[in-house]
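Respectively, the protein sequence lines represent chains A and B.
Note that this note's numbering has the first sequence beginning at 355, numbered continuously upward.
Note that this note's numbering has the second sequence beginning at 116, numbered continuously upward.
Below you'll find the structure, written out as structure tokens, and then a few comments.
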Amino acid sequence: METVRTLEGIGVGTRAVLAEVLRWSARQPLAAMAKSSLGPEIEVNTLSKAIVNLENQYAAKIKAAGNQELREILEAQCAFATDPELADLAKDFCEQGWDAPSALQLAMGEFKSLLEGAGGEFGERVADLDEIVYRLIQWMSGESDETVLPASGSFIIVADDLTPMDTIAFTDVVVGVVTKGGGPTSHTAIVCRARGIPAVVACAGADGLVNGQMVVIDPDASQVIINGSLADSDGDWWSVRPNLGAALIPVMANVGSVADAAQVKSAKGVGLLRTELFFLNNKVAPTRAEQQALYAQVLAAGPDGEIIVRTLDAGSDKPIAFLGIGREENPALGVRGQRVAAIAPKFYEDQLHAIKAAADAVKATGKKIDVWVMAPMIATIDEAQVFAKEARAAGITRVGIMVEIPAITRVIPHLKGVVDFLSVGTNDLSQYLFAADRVNSAVAALLNPWQPALLSTLEEIAADAAMAGIKVGVCGEAASDPLLAVVMAGLGINSVSASPSSVAAVTDLLSRVDVSAAKSAAMAARSATTARDAKAAAKGALLK
Amino acid sequence: MIIKECVITVKVGLHARPANEFSAIAKAAPFEVTVGKPGAPLVKANSPLRLLTLKAHEGDTLNIAFATDDEAAANQLFEKLVATITE
């Protein structure tokens, strides 16, 4: 038997998968520039036909795009491809004697040169322009090097990188993706996450994978395993532990829409009901009645039990048009979360009353829910007091705060008698603890939730909260990792709230540990000095 | 020709969805609309590629020029255009 080898990358998703490699063809270099032998009229005609064809291709793919983010990328590319300025400029080059593909490249080259030196999002658009040139020339040359997916079977697509046009062509035969390029927030990662396709991106060793080879993608471990089996993946290693019948601590679900709520009807409540997603596209503030109707809809669709509603967490990466948050140099450190209440008090007051009214209305229908409310981005005891007072004035009986700013972790004993519960938001807590921007893939490794400093912080929060007699849950992405959820239980966290697709797996592993197993996993993880070792140690402790 | 000034407040700046909406509105106008940063040449507002090359970020000021003398029509269009690049 050949030795098992692994390739490192960045995992997207949690489910491991074993399948055959299918390499997505690398792009052929474009033909050299050439003068026309047919005359400008024919060249111009060829180009305009190519553009019409591409527009139709985009129209079909935009229609098929289930995900809004992807649809907007395709719409922007389509608008560039059909821009009359591009066609006009290319026509000029045809009239100077160039053939259509050359004229197109020269025309687009002018736009590209104007974007040179532009960093960030403007610089990144150059890739969109290249994609358009490539697609148009491919159509004109009559050659297609597009990989044709087999009608049946299961394949892991391996590519240098994938464009939105590539990924949207994926059918059900695509069960996994490995790319050499990309990062945790690249197009490929977004699409794979949205479609539930496990992937490993930024995998430097992807070049070595060949067609027909059987490989395991293990996104949880951020690895591609060659010559291995699913048993080598992190997927179901814990099935050797007997199921004890119930999860050690309650596993709730994170919900951001009515669809999410309906999907997790069997969860033990909702640990985080995000309200900002309802308002991202609103140009004007919703009325109290409008809010109430929205919340009632989600509450009615979701599970029974405790439902923790978070007040609007706007600002930074979640701009809300109607709140009037100005331009800030460092929005992640600016007016966001509960801080926005100071500039838009009316909305926040309405929101608290709307939540209370919606909860009462849904309870009156016989649904067994208990609605709690918490505020995001609380840094001081004073802020917690102000929020708690307002929430209680609106008739809310269980009031809590998010623990996501390092400052609040230092004063938890003083929250006794101020709030009823705490919920740790590990995403932002990591961002502020490690001074690492959540949306910058260059610092992604610092945001690994297994980082020893984060685990130590969670342990302290749990200990201080227990001493103050306040219940503490974790609702960050980290709680969607089953093994990490066990470690959290071992550190003294009272409940976890996971993403809808992870609730079942987190519940399963938490049903296979008792207090002492969770404590030994937590202790093993806490003794490690790197994120990687912490995870390995926790797993080792459960397999002992 | 009527020229008006505005400030971009959408976070992404003038590309992606804002640029698409902006150019679509300009395209449908009965007169030519051009746009640019103060002191720089104006480009055709109906072209998403030209808009992209302005590299206009959140917080940048834009001059929008309307090739008409109809103040009311220009105002109406200006409001529509501004709505696509402000929050």
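Backbone N, C-alpha and C fix where the C-beta goes; we use that ideal spot for every residue, glycine too.
Asked, Found
"Are the stretch 877-884 of chain A and the stretch 807-820 of chain A touching, with three or more C-beta to C-beta distances below 8 Å?", "yes"
"State the DSSP-derived secondary structure class of M355/A, mapped to helix, strand or coil.", "Reliability of the predicted coordinates at M355/A is poor, the pLDDT of 49 falling under 50, and the value obtained from them is presented with this limitation in mind. In the structure shown, M355/A sits in coil (DSSP, three-state: anything other than H, G, I, E or B)."
"Chain B beta carbons: is any one of them nearer than 7 Å to that of M355/A?", "Annotation note: pLDDT 49 at M355/A (below 50); position unreliable, coordinate value reported separately. No, M355/A lies away from the interface with chain B (no Cβ there is under 7 Å from its Cβ)."
"Who are the neighbours of E194/B on chain A, taking C-beta pairs under 9 Å?", "In chain order: nothing, as chain A lies at least about 13 Å away."
"Pick from Q492/A, Q450/A and G659/A: whose alpha carbon is nearest that of K899/A?", "Residue coverage of chain A in this structure runs from 355 to 898, which leaves residue 899/A outside it and unanswerable."
"Looking at chain B, is there any beta carbon in it that lies within less than 7 Å of the beta carbon of L428/A?", "no"
"Comparing C-alpha positions only, which one of A742/A, A715/A, D714/A and G779/A sits nearest to V727/A?", "A742/A"
"Would you kindly work out how many angstroms separate the C-alpha atoms of L783/A and V772/A, rounded to a whole number?", "21 Å"
"Give me the Cα-Cα distance between L177/B and P153/B, rounded to the nearest whole angstrom.", "6 Å"
"Grab the span of the beta strand (DSSP E) containing I723/A for me, first residue to last.", "I723 to A729"
"Only counting the same chain, and skipping five residues up and downstream in sequence, which positions put a Cβ closer than 8 Å to that of G823/A?", "K770"
"Scan the stretch 147-180 of chain B for residues whose Cβ lies nearer than 7 Å to a Cβ of chain A and list them as they occur along the chain.", "K159, S162, P163, L164, R165, L167, T168, K170, E173 and G174"
"What are the residues that DSSP puts in a beta bridge with E660/A?", "D724/A"
"Answer yes if the stretch 859-867 of chain A comes into contact with the stretch 834-847 of chain A, meaning at least three C-beta pairs across the two stretches below 8 Å, and no otherwise.", "yes"
"Can you find the residues in the same chain that come closer than 7 Å, C-beta to C-beta, to V487/A, ignoring five residues on each side of it along the sequence?", "L458, Q459 and M462"
"Rounded to the nearest angstrom, what separates V850/A and A575/A at their Cα positions?", "21 Å"
"Compute the Euclidean distance between the alpha carbons of R642/A and L687/A, then round it to the nearest angstrom.", "29 Å"
"Take V127/B and list the residues in its own chain whose beta-carbon comes closer than 7 Å to its own, dropping the five residues that flank it on each side.", "P133"
"Is it the case that the Cβ atoms of I396/A and P455/A are separated by a distance below 7 Å?", "no"
"When you compare the CB positions of I551/A and V569/A, do they come within less than 7 Å of one another, or not?", "no"
"Any beta carbon from chain A within less than 7 Å of E202/B's own beta carbon?", "yes"
"Checking contacts by CB at 7 Å: is A472/A closer than that to chain B?", "yes"
"Look at the alpha carbon of E814/A and the alpha carbon of L598/A, and state the distance between them as a whole number of angstroms.", "28 Å"
"For A621/A, name the three-state secondary structure that DSSP assigns.", "coil"
"At what residues does the beta strand (DSSP E) containing C121/B begin and finish?", "I117 to V122"
"By the DSSP assignment, the beta strand (DSSP E) with T149/B in it spans what residues?", "V148 to G151"
"I'd like to know if the stretch 529-538 of chain A and the stretch 360-380 of chain A are in contact, where contact means that at least 3 CB-CB pairs between them fall below 8 Å.", "yes"
"So is the beta-carbon of I824/A under 6 Å away from any non-hydrogen atom of the ligand GDP?", "Among the ligands in the structure shown, none appear at all, so the ligand GDP cannot be discussed."
"Going by CA-CA distance only, name the one from N190/B, G174/B, F137/B and P145/B that's closest to V158/B.", "F137/B"
"Using a 10 Å radius around the Cβ and a threshold of 16 neighbouring Cβ atoms, would you call P156/B buried or exposed?", "exposed"
"Out of A872/A, A875/A, A876/A and L837/A, state which residue places its alpha-carbon closest to the alpha-carbon of A859/A.", "L837/A"
"Closest to K637/A by C-alpha separation, out of L469/A, V512/A, L677/A and F434/A, would be which residue?", "L677/A"
"What three-state label does DSSP hand F676/A in the structure shown?", "helix"
"Kindly indicate which residue of I118/B, K170/B and G151/B has the alpha-carbon position closest to the one of L129/B.", "K170/B"
"CA-CA distance, A182/B and N190/B?", "12 Å"
"Give me the subset of the stretch 455-470 of chain A whose CB atoms are less than 7 Å from a CB atom of chain B, sorted by chain position.", "F465, L468 and L469"
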